[in-house]
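Residue numbers (the numbering used here), protein chains in the order written: chain B, 1 to 458; chain F, 1001 to 1227.
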């Protein structure tokens, strides 16, 4: 899901006045739709595939639920300006999301190209029990479809479970789940990743140093993600865990299953976010009703919500997507649940509805940003990583998929600006990505190779 | 970049289909089909450049209507430059990245009798191509805007000519030198199309502050200042 927060950008001088008006005019409660189904919640189950993604972050782009209380008075007068500013800031937000998505993809592609470990087949996760080593094409196709069905049903079940937990206010359970998931990601997967990278470059490292590095990395990560921390550090950690998750998926998903799963997950995303009874939509709406932010650990936010005196709760920002991951390796169950929003957030939000309008002017900065679910990051990176790992045309295919995904993201953000409610971020990008992958690999590659062998340029 | 990729996709599709329908063994025919594929690709690229121009024009009108002073925050010339540059970048990257990746690995260039200068000439050709795309973008958009269709035709013809010159490739004097001459001429043409002149260059070099310079500075897009 992509959600759109209003914020006043103090750095844009000419717009100061506007920005305060802008925040006042926040559009009505946006609904966040988690692009990624709640599959993100929960850390990997011992035997299940990891669903990355903070399905939390609905792919929906929803305008921050800023406008809630007391600003309607100002809003009506500035519709036109708001529209213009929305489009202007919309472009800014596109760039704000391009950078982290690109970074995540770069990390994944760099790792895939250099570290052999992630392209070796060492078994499969329990979520995809059917093997693809079958002699006939039909059997292989059938196995991959069955794998997909199992995976998607796991995701649906976990999402529904998370939504139920949220509905019945079992916050402690969700928080514990999220914390366990991020613990596992930050410590175990980082350890494995670091080990493989060191092996690839033949660098020796002793255990005390390793322990120190990983302990610091993990502890700071836990604090940043679940509590408070500098925004950029939090963003960096979210990008890193998305990349780690994507790498796990790339390693453990068999070829055809990966592509079918990508397709199926975008269809599921579309339905979960847009259907009235979809789990993600219900999650977002429940969060909005209760004026609570959705758990922050599952959503990437491009700007900070400075909640002092904020009248609107940060509603849609984070779709709690729960993903349960299981790694076959350690058999632990990690549930990635949407990380619990900052504990301070709900507190600051409670006095919100009673604030007078004038308090808005006192509000220095209310950052307006876009929120994108971590699940989206993960699946974008899985697509590009798989393209890098398996395409024989190498870099051209990877680049084509990269451009396709970014254009899809652009279009989704455009739709967000038009519709102003949470939208699934996966379908358009993944569709473009898949189309470009298969067509570039099969059609463009031979053409470009033949041209290059004669040193012809077009 | 997306538009360029789509054009490349369509051209590859056409080439692929033609190759599969033809006789694989006949080398001359395959080479002819390659030339045909390259020409089709060039024409499709220009067609998609035109389509992109139309799209940007629409977006420009939309931005202008909703803005305060009736002007859009990005001028058409800036869009032309960006569009040309992105076409150039994606075209250059697609042409050269596999060569770069291979250049890391162990190997000897030209061991089978090809030219040993493959890498360096590829690098120069790619650079020329990127610059050319940028210049063509500027000229193309300006020509479409002012409806000078002969300019359009000239741009398409020079693209075809450049691509055709690369067919002479192991004979680098005949291909590299003319291509660089074409690049230089197109660059000057684009400079004058965008409103530059010798006076502007001199002013720029002498670091004087000029209020109404006719040269557009293609700097980072900025939101217009408001008082």
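Quick reminder that beta carbons are idealized off the backbone N, C-alpha and C, glycines included.
Boundaries of the beta strand (DSSP E) in which residue i is found, first to last residue
| i | result |
| --- | --- |
| residue 370 of chain B | 370-373 |
| residue 301 of chain B | 299-301 |
Candidates the options, of which the one nearest residue i by Cα
| i | options | result |
| --- | --- | --- |
| residue 409 of chain B | B:248, B:372, B:388 and B:158 | B:372 |
| residue 1091 of chain F | F:1062, F:1120, F:1046 and F:1079 | F:1046 |
| residue 403 of chain B | B:380, B:250, B:209 and B:302 | B:380 |
| residue 1176 of chain F | F:1156, F:1019, F:1121 and F:1057 | F:1121 |
| residue 412 of chain B | B:137, B:294, B:225 and B:432 | B:432 |
| residue 399 of chain B | B:153, B:105 and B:134 | B:105 |
| residue 1118 of chain F | F:1136, F:1030 and F:1096 | F:1096 |
| residue 1161 of chain F | F:1064, F:1030, F:1027 and F:1035 | F:1035 |
| residue 429 of chain B | B:443, B:447, B:270 and B:169 | B:270 |
| residue 1060 of chain F | F:1075, F:1155, F:1151 and F:1198 | F:1075 |
| residue 153 of chain B | B:264, B:255 and B:238 | B:264 |
| residue 1048 of chain F | F:1037, F:1146 and F:1001 | F:1001 |
| residue 193 of chain B | B:291, B:406 and B:241 | B:241 |
| residue 155 of chain B | B:127, B:173 and B:237 | B:127 |
| residue 1010 of chain F | B:456, B:455 and B:445 | B:445 |
Contact set for residue i: own chain, Cβ-Cβ below 6 Å, skip 5 residues either direction
| i | result |
| --- | --- |
| residue 1110 of chain F | 1116 |
| residue 1134 of chain F | 1084, 1085 and 1088 |
| residue 1053 of chain F | 1141 and 1144 |
| residue 110 of chain B | none |
| residue 1224 of chain F | 1073 |
| residue 1042 of chain F | 1159, 1160 and 1163 |
| residue 93 of chain B | 370 |
| residue 189 of chain B | 244 |
Residues near residue i in its chain [Cβ-Cβ closer than 7 Å; skip 5 each side]
| i | result |
| --- | --- |
| residue 146 of chain B | 130 |
| residue 1128 of chain F | 1179, 1180 and 1183 |
| residue 167 of chain B | 286 |
| residue 339 of chain B | Since pLDDT at residue 339 of chain B reaches only 32, below the 50 mark, its modelled position is unreliable, and no value is offered. |
| residue 234 of chain B | 224 and 225 |
| residue 205 of chain B | 198 |
| residue 134 of chain B | 140 and 143 |
| residue 1067 of chain F | 1073 |
| residue 160 of chain B | 279 |
| residue 137 of chain B | none |
| residue 173 of chain B | 165 |
| residue 387 of chain B | 397, 398, 401 and 437 |
The alpha helix (DSSP H) enclosing residue i, as first and last residue numbers
| i | result |
| --- | --- |
| residue 168 of chain B | From DSSP, residue 168 of chain B is part of no alpha helix (DSSP H); its letter is neither H nor E. |
| residue 1163 of chain F | 1149-1165 |
| residue 400 of chain B | 395-419 |
| residue 1204 of chain F | 1198-1205 |
| residue 427 of chain B | 426-439 |
| residue 454 of chain B | Unbroken run through residue 454 of chain B: none, as it is neither H nor E. |
| residue 214 of chain B | 207-226 |
| residue 1146 of chain F | 1118-1146 |
| residue 1185 of chain F | 1172-1193 |
| residue 240 of chain B | 231-252 |
| residue 288 of chain B | 279-289 |
| residue 1065 of chain F | 1027-1066 |
Residue i beta carbon near the ligand GTP (any heavy atom closer than 7 Å)
| i | result |
| --- | --- |
| residue 156 of chain B | The ligand GTP is not part of the structure shown, which contains no ligands of any sort. |
Chain-order list of residues whose beta-carbon lies under 8 Å from that of residue i (same chain, five-residue window excluded)
| i | result |
| --- | --- |
| residue 1155 of chain F | 1046, 1136, 1139, 1140 and 1143 |
| residue 435 of chain B | 404 |
| residue 120 of chain B | 251 |
| residue 347 of chain B | Confidence at residue 347 of chain B is low in this model, with a pLDDT of 37, below 50, so the placement of that residue should be treated as unreliable; the coordinate-derived value is given next. So the list is empty, once near-sequence residues are dropped. |
### Task
Please determine if the stretch 181-189 of chain B and the stretch 221-233 of chain B are in contact, where contact requires at least 3 C-beta pairs separated by less than 8 Å.
yes
### Task
Could you please tell me which residues of the stretch 1045-1069 of chain F, in chain order, have their CB closer than 9 Å to any CB of chain B?
1045, 1062, 1063, 1066, 1067 and 1068
### the stretch 388-401 of chain B: positions lying closer than 7 Å to chain F by Cβ
394, 395, 396, 399 and 400
### Inter-stretch contact at 8 Å, needing at least 3 Cβ pairs: the stretch 1065-1082 of chain F / the stretch 1131-1143 of chain F
yes
### Query
Going along the chain, which residues of the stretch 279-292 of chain B sit with their C-beta nearer than 8 Å to a C-beta in chain F?
none
### Message
Below 8 Å, how does it come out for the stretch 276-288 of chain B and the stretch 205-219 of chain B: are there three or more Cβ pairs, yes or no?
### Response
no
### Segment contact flag, the stretch 113-121 of chain B with the stretch 196-204 of chain B, C-beta cutoff 8 Å, min 3 pairs
yes
### Query
Any chance the stretch 1015-1033 of chain F sits against the stretch 1097-1107 of chain F, with 3 or more Cβ pairs inside 8 Å?
no
### Message
Which residues of the stretch 1094-1106 of chain F have a Cβ closer than 7 Å to any Cβ of chain B? Give them in chain order.
### Response
1094, 1095, 1097, 1098, 1099 and 1101
### Task
Specify whether the stretch 445-455 of chain B and the stretch 1159-1175 of chain F touch according to this definition: at least 3 beta carbon pairs, one from each stretch, less than 8 Å apart.
yes
### Task
Closer than 7 Å, Cβ to Cβ, to anything on chain B: give me those residues from the stretch 1012-1038 of chain F, in chain order.
1012, 1013, 1015, 1016, 1034, 1037 and 1038
### Task
Closer than 7 Å, Cβ to Cβ, to anything on chain B: give me those residues from the stretch 1173-1205 of chain F, in chain order.
none
### Selection of the stretch 1106-1128 of chain F by Cβ proximity to chain B, strictly under 8 Å
1118, 1121, 1122, 1125 and 1126
### Task
Output, in sequence order along the chain, the residues in the stretch 1143-1167 of chain F whose CB is closer than 7 Å to any CB in chain B.
1163, 1166 and 1167
### Message
At a CB distance below 9 Å, what residues from the stretch 436-447 of chain B approach chain F? Give them in sequence order.
### Response
436, 439, 440, 442, 443, 444, 445, 446 and 447
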